[in-house]
Each structure stands twice: as structure tokens, then as C-alpha cells.
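Below is one structure; the comments refer to it alone.
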Amino acid sequence: MGLKRKTVPFVTVDEKRELPFTRDLELASLFTLAEARRDGEPLSAMARVYYPLHIHRWEGGVLLIDLLGLNHTSIRYNVIPDVDAFERALEAAADDPDALREALKKADLFKGFAGRKTVRIDGLIVQPKSEELSEFLGGASDFKAWDEVVVFKPVLKNSDIESIISSINSLRGAIKSDLKSLERTKSCLRDALGVSKKVVNEEIQNIRDRSAKVKARMKKELERTRERLRRALERDLNRIKKDYKRQVTPLRGERTKLRRKLSRLRKRSARGAVRDDPKAAEELSREIEGLEAKLREVDAAIRSLEAWRDSEVEKARAQYKADLKSEADKIKAEEARSREEVLEQRERVSKLAAAVKGVASRIDTLIRSKRGKLRSLSRLCLDVEAETADLYIPFYVFQYGDKRFSLYPPAVASGAKGILSRFKRMFADNLQSKMTLLIKPRAAFMEKYLEKAVKALGRKTALASAYQRAGDRLNLLRSREAVDKIMVGLVKIRREGWISDGEYIRLQEVLVENLGLISQP
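In C-alpha cells:
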């Protein structure tokens, strides 16, 4: 069983229209519209033709394909940078953080894509929205035998359709491959950073181990120094003590003697032993004063020695602490040096991590762009419930003279009743405006595709040759049956109020003038 062929009605009826829109009304409306567009040139032909499309079921939706090959879809494709060379540089530098830092300087290539290519897919149509196409296909029916395709016969073959599918799949595969490459590069970045972190952490551990050994040696040296300084301090303190004792002992002995003697004299004076002898009393008083003065001198000398002793002891102890602190400070200096080296290594890793993060961010930007493009390929597939079939779109071609062509796409017929309808007709500028109120185009997305086909009729193309060969067989103005229907239809659209009596008469006159040219039943 061959591929199904479908078509859609040229005219559908608006829900507000009460009367049926018959074939005679269709022909009369289009004839009137064609005459309104003549622009000084005679209407030489009016033909109903079909534009062939192909609906291809694909991935849960459909692809819409132009079987004439007049239309195409261009898909821009961004070229990713040379990730392989960058990955090799990362791999070579991973064991050396400094080399990795230099390798990361080559990451400017990820600031953007390396270039852009355009993939052209002849025949693929992407313009209609899913809901537009779904609504348009609502009245689809089988393409009957009498709906002969005379002019716009399909050009694309099954192999061409398969090529379209293959192009989409190839492009999708290329984008997925690019995504894998970019993700792999990100993984290489993470791995290289991980190796560098491991190298730096090992270096940090080496620093700590070396420092621990140095500090252990210093602490032992400190203990030896502490013991040596302690012994030196004890010697100094003993020396000071001996010097102090040697000097203070005579003074203390003298002070003891002075105190005893002074005590006896004071007791003597207190008993009044010399009370009756003023001279002796005066001498006793002078002797007491002399002893007291000498005792003060001895006390002062002892205090001076004590102050000297205390000062010397303090100096000795201070020197001990200073010498001990000097040795302890060497350990602190080693600890500070070790901390500084560790901080430098950590800063080294931090800068590497920041650089890697920056490169990864650039790669993420490219990945997001690629994923967006991948999603856009999915949008080539329209979400429409339809089976695979060739779809023939009916439309009318108007020919003026020998070279000018016009068209009218599938339409929807409006009702004549209602205040709004009469109001619009009343203020319509011309006959063409009134007719487009009666039959409004219902598939705007199709017009540009139909226009391409009609423009081809005015050039030296295979379509133009086919149209010329069809000649009178296509021209409805050469068909007795079609002209009769146009005449009947003109009466009906006049009754509905779409044309005036004067316009009706003029249109009838045009038909009558062409009666002699009728060549078909």
C-alpha cells in the first residue's frame, strides 16, 4: 500500500455563518477578488492548484517538508575550540602546578566559539507553530483521484526525505559530540586541579615534616641551653651571694656592736648616772649621738649592699630569661616560617582553583549554548497528531496578462448577518476589502510558501513550464461549468450584501465578454 495522500478544504465556514458556503460562492468570491486586483491588466486565468507538502511522523511529532524544494531551513552551528590540544596541555602539566598555571593561560580559546557554520536543509519547513498546523489539519481528508496535481508536482523523492532526517540526526549527533567534548574538557580540568592539589598537599606535608624535625632538634637544643643557662645563673647567684656576704658580714658585726654599745649608753643616761655632772652628761649625750650617726651610716651601707645584691640578682635572672627567650624565639621563627610556606602553597592552590573555575565557567557558557541548540532541534518537530502522508494544500492562482501572477490561500468564510458585519462592509475601502471580509485567509504561515511557488511561475522554471503546458485545462475561466457557477455565486453574494448592484453588473459583463473563450465543458 502506497503513501497516503491528504488534502484540506480550501474554504472552512466561520461558526457565525448560517448559510453553507458552496462551490459557486467560492468561485464567485475568488473571481470578484481577482477582478479587484487586476490593476489595469485583464484577468487572463484563474486556476485552483495544489501545493505539495509532506508530513513525516518523527519522534512523537511531525516534520513538515516542502515537496517542491522551494523552501529550506538554515541552522547555524557553532564550532567548538580545539579542546584536544588543551586537554593534552592539561595532562602534561597536571603534576606541576606552575606548569598547569601556564597551561591555563591558553584557556582564552574558550571565550567563545571558534567559528560558525550554517547547515542548510532543503525542503524542511519550521515556521508554523504546532497549534496553527494542528488547527489547519483539522478538516483534512483523503486526496481524491479527481483532485489531479497538474502543476506543482512533488520534486523531492523518498531519498530526499530520508536525507532531511539524516541531516537533522547528523547535526544532533555533532552537537551531542561537542557537548561530550566540552564535558570531557571540564572533567580534565577537574582532574588536573585534583592532581595539582595532591602535589601541593604533599609539598605542604613535606614542609610540616621538615619543620617538625627542625623544631624537635631546636627543642632539644633549648633544653640543653636551658640547663646550661640555669647552671650559669646558679653560679652567678652564688657569686653575688658570696660577694654580698663577704661585704655585709663586717658591717652587720659592726652594727651589732654599735647597737649594744648604744643600748648601754642609753640605759646609763636613763638611770641618771651622770645627772649631777653636767659635763659628763654632755659627753654621754655626744657619744650617743655619734654612735647613732655611725649606726645610720652602717645601716645605709647594708641597705646599699642589699640593693646591689638585688640588682645583680635581677640582672642575672633577666639575662637568663633573655638568653632562654632567644633560643625559644628560634623555635617560634621556625613555626612562623613553616606557616608562611604552607600559606604560600595554599594560596598557590587557591589561585589555581580560581583560574580553573574561570575556565570552567567559560566552558559552561559554551555548553549552555550547545544545549540550547540541541533543544532547538527538538523544536523542528511539531507537536501535532498526524500520520505520515503527503499533504496537498489547495489555493488559487490569478494570472493577469502574460507574466503577472497573484494567489489566494485557504480561507474561512464569514457570515453576512449581524450589525458588525454590515458595519465593516459599509466602511470597506474597495471591492477587494469587502471580499477579504467574506473569505479571510486562515493559514497565514502558508502564504509565504505559496508565494514562492507563484513567483516561480513568472520565471523560466520547471513550474512555469508545467503551468503553461496545462493551459486551458487549468483555467476556470475557460470552463463552462465554472463560469456558470461564478454567475450563480455572484447572485448569491449580491443578495448577502457583499457586492453592490453596480459591481454585480460590471462583474457579469466581464464574464459575458469572456464567454467566447470557453473551451471546456
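Counting along the sequence shown from 1, when you hit position 281 you're at 1221 in this note's numbering, and nothing is skipped either side.
Backbone N, C-alpha and C define an ideal beta-carbon position, used for all residues, glycine too.
Small disclaimer: the values here were computed from a predicted structure and weren't measured.
- Put simply, the region 1444-1453 touches the region 1420-1428. At least three CB pairs are less than 8 Å apart.
- For Phe1338, the pairing in a beta bridge is given by DSSP as Met986, Ser1346.
- Selection Pro982, Glu1075, Leu1008 evaluated against Glu1325 yields Glu1075 as nearest (Cα-Cα).
- Separation of Pro1037 and Glu1281 (C-alpha to C-alpha, rounded to the nearest whole angstrom) is 15 Å.
- Under the DSSP assignment, Ile1379 falls in the beta strand (DSSP E) whose first and last residues are 1379-1381.
- In the assembly as shown, Gln1408 is an exposed residue. Its beta-carbon has fewer than 16 other beta-carbons within 10 Å.
- Between the beta-carbon of Ile1333 and that of Met1375 there is about 21 Å, and that puts the pair past the 8 Å contact cut.
- Leaving aside the five residues that flank Arg1166 on each side, the residues in its chain whose CB is nearer than 8 Å to its CB run, in chain order, Leu1264, Glu1267.
- Note that the C-beta distance between Pro1350 and Phe1338 is not below 8 Å.
- Within the region 947-1020, the complete beta strand (DSSP E) segments at least 3 residues long are 951-953, 983-998, 1001-1006, 1012-1019, listed from N- to C-terminus.
- Around the CB of Thr972, 16 or more other CB atoms lie within 10 Å, so the residue is classed as buried.
- The DSSP-derived three-state label of Lys1093 is coil.
- With fewer than 16 other beta carbons inside 10 angstroms of its own, Thr1058 counts as exposed.
- Listed as beta-bridge partners of Ile1061 by DSSP are Thr1013.
- When beta bridges are read from the DSSP output, Tyr1332 appears opposite Thr947, Pro992.
- Here Val1135 carries a helix assignment [DSSP, helix/strand/coil].
- Pairing Arg1249 with Ile1147 gives a Cβ-Cβ distance that is not under 8 Å.
- Just so you know, the alpha carbons of Leu943 and Gly1063 end up roughly 18 Å apart.
- Asn1415 sits buried, since 16 or more C-beta atoms from the chains shown fall within 10 Å of its C-beta.
- Within the DSSP secondary-structure output, Val1352 pairs in a beta bridge with Thr952, Lys1380.
- DSSP places Arg1236 in the helix class (H, G or I) of the three-state scheme.
- Taking 8 Å as the cut-off, the Cβ atoms of Ala1241 and Leu1191 count as close.
- Looking at the DSSP output, Arg1056 bridges to Asn1018.
- Around the Cβ of Pro992, a 10 Å sphere holds 16 or more other Cβ atoms; the residue is buried.
- The three-state secondary structure of Gln1067, taken from DSSP, is coil.
- Distance from the CA of Ala1220 to the CA of Val1238, rounded to the nearest whole angstrom, comes to 27 Å.
- Taking C-beta separations shorter than 6 Å and ignoring five residues to either side along the sequence, Arg1208 has no partners in its chain.
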